[in-house]
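Asker: Residues in the sequence shown are numbered from 259 upward in steps of one, following my numbering. Cβ coordinates follow ideal geometry from the N, Cα and C atoms, glycine included.
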Amino acid sequence: MSVLGWASFLHVLAVVLWIGGVFFLDLILVPRLAGYVRAPDERARLLFSLFRVFFAWVWVAGLVLVVTGYGMVWVLGGLRALNGARWTMVVVGTLMVLLALYIYFGPYWRMGRALTRSDWEEAGRAAARVRLFSGMNLVLAVPAILAGVWSVFGL
């Protein structure tokens, strides 16, 4: 397989891990936790623990996405050589990475600080913000993935 083929494979794999993880956490696991873990302190600690592992994988996936994405742009001739679908992927993908950085260094860190103070109410609000902005990334993934399909297969 060519370098471009390997980069494309790693890029898609990173998308599946990141966006699949967001989908699972935001739409399946976290909404059901409230019904099973009633105590706010236990729920906040569990969510933070889940987010910690999730963000470790997001860092890996995000690094792979940035390196392979911009690497493929370079191999294809730079930003000026991109068609509309690839431009869409670059712009939306970059926004998604920036949003993930905001989530990590904003609400997620606030949640961690709230946990050290045993401020369960603030930890819960921060967790809700993590989910809100992660949900925005989930929505942004739709045009990014569509643009990827469009650039490979056309519409």
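(1) Alpha helix (DSSP H) containing I361: first to last residue?
(2) Going straight from the alpha carbon of V302 to that of R368, what length do you get?
(3) What number of angstroms, rounded off, separates the C-alpha of T326 from the C-alpha of G293?
(4) Please name the residue, chosen from A314, Y366 and L390, that lies closest to L285 on a Cα-to-Cα basis.
(5) Measure the C-alpha to C-alpha separation of L337 and F282 and round it to an integer number of angstroms.
(6) Taking only runs of the alpha helix (DSSP H) that begin and end inside the region 265–318, which ones reach a length of at least 4 residues, in chain order?
(7) Consult DSSP for R375 and reduce its assignment to one of helix, strand or coil.
(8) Do F309 and A399 have their C-beta atoms within less than 9 angstroms of each other?
(9) Using 8 angstroms as the threshold, is the region 350–367 in touch with the region 319–333, meaning 3 or more CB pairs across them?
(10) Work out the CA separation of L262 and L275 for me, nearest whole Å.
(11) Looking at the structure shown, is L382 part of a helix, part of a strand, or coil, going by DSSP?
(12) Among V280, V270, S260 and S409, whose alpha-carbon lies nearest the alpha-carbon of G345?
(13) If you reduce the DSSP assignment to three classes, tell me which class L321 lands in.
(14) How is L396 classed by DSSP in three states: helix, strand or coil?
(15) Please report the distance separating the alpha-carbon of G382 from that of M330.
Answerer: This is what the structure gives:
(1) Segment G342 to I361, the alpha helix (DSSP H) holding I361.
(2) Sequence inspection shows Ala at residue 302; the Val mentioned does not correspond to that position. Cα to Cα, A302 sits roughly 12 angstroms from R368.
(3) Just so you know, the alpha carbons of T326 and G293 end up roughly 40 angstroms apart.
(4) It is L390.
(5) Spanning the alpha carbons of L337 and F282 requires a straight line of approximately 33 angstroms.
(6) 288–294, all fully within the region 265–318.
(7) R375: coil per DSSP, three-state reduction.
(8) Taking 9 angstroms as the Cβ cut-off, F309 and A399 do not qualify as a contacting pair.
(9) With the cut-off at 8 angstroms, the region 350–367 and the region 319–333 touch.
(10) If you take the alpha carbons of L275 and L262, they lie about 20 angstroms apart.
(11) For the record, residue 382 in the displayed sequence is Gly; it is not Leu. Note: G382 maps to helix in three-state DSSP.
(12) First, the residue type needs correcting, since residue 345 is Trp and not Gly in the sequence shown. Checking every option, the nearest Cα to that of W345 belongs to S409.
(13) L321: helix per DSSP, three-state reduction.
(14) In this structure, DSSP gives L396 a helical state, which the three-state scheme calls helix.
(15) Looking at the two C-alpha atoms, the distance is approximately 40 angstroms.
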